């Protein structure tokens, strides 16, 4: 007969096995501790460069320096930091290759980290802080430059590269690769121009057209890039038609998700008053709003202190916390349906800035503008340092 008690009894402890397992656990914890130390050191270096960039940008602005913008300073500091780290690594005991293996994962530009955590706050804030009235008033001009203009620029660069490669003047590119490159280069980002416009106080409509086009052309470029990336190896009229169909369907679908999420947020805050007060829901909703030049209505800051200050702050924090969820929902929903999250979060920001912000309390408006502006500035500076 089978002795089931003996059959299922736990094995006798093996001293050698336990000691081996203990040594393995200790070695694993030691390796984990070393990895955390490497990650902490790398992140600390990036944060130090980030702080230095912000201080340098503030100093340049206070001194009236016009030949170097904060964006350029961030890029230069990133380059300088990279050169210094490589020089130190080449002289160190690890050697350059071993040093790159150990630290490279934390200091080399990571596209997944960029698209998931750094780019969305920048794109959303650009839409949320947009002057909705000026944007919609000039929507025809903005769309003309953003859509046909970006497509023309992408086609010029892409077809030019493809033609030069075909005649042997430069390296030969596949048509899809050339057009993917053209999609990236064809979109302009007039950061310095907008900074100069802000300092000069140019006419509102001119600023709205340039700023609005710079916001939309990023979305157009991303969708166009993805459309050409799925084109395949061969060039044909049918393949080009598929690219056009993909571009239209992806852009429309992504826009619909962003607009729908933004309208849902506006309806939510219209129905539910999370601030516990009525100041933000009784007025027209423009106090505390900021136009595209960065001007903020001072009524917002003065209204925060009305009533119980602590209750007003708690209400504003609760509103801002819920507001922050909607753009990420739009972004993740678009990515889940294999659309473009950047387009969704952009139009979600435009709709929320024009409608949802009107339904917030004065404190909620001021807090969301400040918080999203802070995240966007840090992310943009971090991206430029990362690239450098």
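Numbering (the working numbering), first residue to last: 53 to 440.
Beta carbons: idealized from backbone N, C-alpha and C, even for Gly.
Here the structure is a predicted model, which is why all the values come from computation and not from measurement.
**Item:** Residue ranges of each alpha helix (DSSP H) within the region 219-249, 4 or longer
**Value:** Runs of the alpha helix (DSSP H) inside the region 219-249: 227-238.
**Item:** Run of the alpha helix (DSSP H) containing residue 426, from where it starts to where it stops
**Value:** Within the chain shown, numbered from 1, the residue matching residue 426 stands at position 374. Residue 426: member of the alpha helix (DSSP H) spanning 414-439, first to last residue.
**Request:** Could you work out which residue in 97, 104 and 108 is closest to residue 134 when comparing CA atoms only?
**Result:** In the chain shown, the residue the question calls residue 134 occupies position 82. Looking only at 97, 104 and 108, the smallest Cα-Cα distance to residue 134 is reached by 97.
**Message:** So, for residue 322: in the same chain, excluding its five sequence neighbours on each side, which residues have a beta-carbon less than 6 Å away from its beta-carbon?
**Reply:** Locating residue 322 in the chain shown gives position 270, counting from the first residue. Contacts found: 411.
**Message:** Using CA atoms only, rank isn't needed, just tell me which of 175, 239, 437 and 162 is closest to residue 44.
**Reply:** Because the chain here runs from 53 to 440, residue 44 falls outside it and cannot be looked at.
**Start-to-end residues for the alpha helix (DSSP H) that takes in residue 266** = Counted from its first residue, the chain shown places residue 266 at position 214. Note, residue 266: alpha helix (DSSP H), 256-281.
**Asked** Once you ignore the five residues that flank residue 387 on each side, which residues in its own chain have a CB closer than 6 Å to its CB?
**Response** Within the chain shown, the letter at position 335 stands for residue 387. Cβ neighbours of residue 387 beyond the five flanking positions: 393.
**Request:** Quick one: which unbroken alpha helix (DSSP H) runs of 4-plus residues sit fully inside the region 180-214? Chain order, please.
**Result:** As summarised for the region 180-214, the continuous alpha helix (DSSP H) elements at least 4 residues long and confined to that stretch are 184-189 and 191-196, given in chain order.
**Request:** Please go through the same chain and pick out, in chain order, the residues whose beta-carbon is closer than 7 Å to the beta-carbon of residue 335, but skip the five residues on each side of it.
**Result:** Mapped onto the chain shown, residue 335 falls at position 283. Residue placement at residue 335 is poorly supported in this model, since its pLDDT is 47, which falls under 50; the coordinates are not used for a value here.
**Prompt:** At what residues does the alpha helix (DSSP H) containing residue 373 begin and finish?
**Reply:** Here residue 373 refers to the residue found at position 321 of the chain shown. Secondary structure note for residue 373: its alpha helix (DSSP H) is the uninterrupted segment 361-388.
**Asked** Just how far apart, CA to CA, sit residue 409 and residue 223?
**Response** Stepping through the chain shown from its first residue, residue 409 is reached at position 357. Stepping through the chain shown from its first residue, residue 223 is reached at position 171. So the alpha carbons of these two residues sit roughly 51 Å apart.
**Asked** Exposed or buried, what is residue 194 when buried is set at 16 or more other beta-carbons lying within 10 Å of its beta-carbon?
**Response** What you label residue 194 is simply residue 142 of the chain shown in a count that begins at 1. Residue burial annotation: residue 194 is buried, with at least 16 other C-beta atoms found within 10 angstroms of its C-beta.
**Item:** Contacting residues, own chain, Cβ-Cβ under 6 Å from residue 306 (five flanking each side not counted)
**Value:** Looking up residue 306 in the chain shown gives position 254. Hits under 6 Å: 386, 391, 392, 395 and 396.
**Request:** Just the C-alpha distance for residue 130 and residue 229, rounded to the nearest angstrom, thanks.
**Result:** Taking the first residue of the chain shown as position 1, residue 130 is located at position 78. Taking the first residue of the chain shown as position 1, residue 229 is located at position 177. Taking the straight line from one Cα to the other gives about 29 Å.
**Asked** Roughly how many angstroms lie between the CA atoms of residue 326 and residue 363, to the nearest whole one?
**Response** By one-based count along the chain shown, residue 326 stands at place 274. By one-based count along the chain shown, residue 363 stands at place 311. Taken atom to atom, the span from the alpha-carbon of residue 326 to that of residue 363 is near 11 Å.
**Contacting residues, own chain, Cβ-Cβ under 6 Å from residue 438 (five flanking each side not counted)** = The residue given as residue 438 occupies position 386 in the chain shown. Excluding residues within five positions, the ones whose Cβ falls inside 6 Å are 161.
**Message:** Quick check on the burial criterion: 16 or more other C-beta atoms within 10 angstroms. Buried or exposed for residue 400?
**Reply:** Looking up residue 400 in the chain shown gives position 348. Buried, because 16 or more other Cβ atoms sit within 10 Å of the Cβ of residue 400.
**Item:** residue 301 - DSSP class collapsed to helix/strand/coil
**Value:** Within the chain shown, residue 301 is the residue found at index 249, counting from 1. Three-state result, residue 301: helix.
**Three CB pairs or more closer than 8 Å across the region 417-433 and the region 363-379** = Under the three-pair Cβ rule at 8 Å, the region 417-433 counts as touching the region 363-379.
**Message:** Could you compute how far the alpha carbon of residue 191 sits from the alpha carbon of residue 202?
**Reply:** Taking the chain shown and counting its residues from 1, the one referred to as residue 191 is at position 139. Taking the chain shown and counting its residues from 1, the one referred to as residue 202 is at position 150. Going by C-alpha positions, residue 191 is about 16 Å away from residue 202.
**Message:** For residue 103 and residue 109, what's the separation of their Cα atoms in angstroms?
**Reply:** Counting from 1 along the chain shown, the entry for residue 103 is found at position 51. Counting from 1 along the chain shown, the entry for residue 109 is found at position 57. So the two alpha carbons sit approximately 10 Å from each other.
**From 184, 219 and 233, residue whose alpha carbon lies closest to that of residue 208** = Walking along the chain shown from the start, residue 208 turns up at place 156. When the alpha-carbon of residue 208 is set against those of 184, 219 and 233, the nearest one is in 233.
**Prompt:** Would you call residue 428 buried or exposed, if buried means 16 or more other Cβ atoms sit within 10 Å of its Cβ?
**Reply:** Here residue 428 refers to the residue found at position 376 when the chain shown is read from its first residue. Residue 428 should be labelled buried.
**Request:** May I have the straight-line CA-CA distance separating residue 113 from residue 212, to the nearest angstrom?
**Result:** The residue given as residue 113 occupies position 61 in the chain shown. The residue given as residue 212 occupies position 160 in the chain shown. So the alpha carbons of these two residues sit roughly 39 Å apart.
**Request:** Take the Cβ of residue 95 as the centre, count every other Cβ of all protein chains shown within 10 Å, and call the residue buried at 16 or more, exposed below.
**Result:** In the chain shown, the residue the question calls residue 95 occupies position 43. Within 10 angstroms of the beta-carbon of residue 95 lie fewer than 16 other beta-carbons, which makes it exposed.
**Rounded Cβ spacing between residue 166 and residue 435 (contact assumed at less than 8 Å)** = As a working mapping, residue 166 is identified with position 114 in the chain shown. As a working mapping, residue 435 is identified with position 383 in the chain shown. Your pair residue 166 and residue 435 checks out as a contact, with CB atoms roughly 7 Å apart and the cut at 8 Å.
**Asked** Would residue 128 pass as a contact of residue 198 if the rule is Cβ separation under 8 Å?
**Response** The count along the chain shown starts at 1 and reaches residue 128 at position 76. The count along the chain shown starts at 1 and reaches residue 198 at position 146. Contact: no.
**Request:** Using 10 angstroms around the beta-carbon of residue 183, count the other beta-carbons present and answer buried if the total reaches 16, otherwise exposed.
**Result:** Numbered from 1 along the chain shown, position 131 holds the residue referred to as residue 183. So residue 183 ends up on the buried side.
**Asked** Which residues mark the beginning and the end of the alpha helix (DSSP H) in which residue 116 is found?
**Response** Your numbering for residue 116 matches position 64 in the chain shown. First-last for residue 116: undefined, no H or E at that position.
**Asked** If we call anything under 8 Å between Cβ atoms a contact, is residue 271 one with residue 398?
**Response** For the purposes of this step, residue 271 is taken as residue 219 along the chain shown, with counting starting at 1. For the purposes of this step, residue 398 is taken as residue 346 along the chain shown, with counting starting at 1. In contact: residue 271 and residue 398 (Cβ atoms closer than 8 Å).
**Asked** When the Cα atoms are used, what is the spatial distance from residue 432 to residue 257?
**Response** Looking up residue 432 in the chain shown gives position 380. Looking up residue 257 in the chain shown gives position 205. C-alpha separation (whole angstroms): 25 Å.
**Message:** Can you tell me whether residue 401 is helix, strand or coil according to DSSP?
**Reply:** Residue 401 sits at position 349 when you count from the first residue of the chain shown. Residue 401 falls in the helix class under three-state DSSP.
**Asked** Using a Cβ-Cβ cut-off of 7 Å (strictly less than) and excluding sequence neighbours within five positions of residue 337, which residues of its own chain qualify?
**Response** Your numbering for residue 337 matches position 285 in the chain shown. Unreliable positioning characterises residue 337 in this predicted model, as indicated by a pLDDT of 44, which lies under 50. A coordinate reading is not provided.
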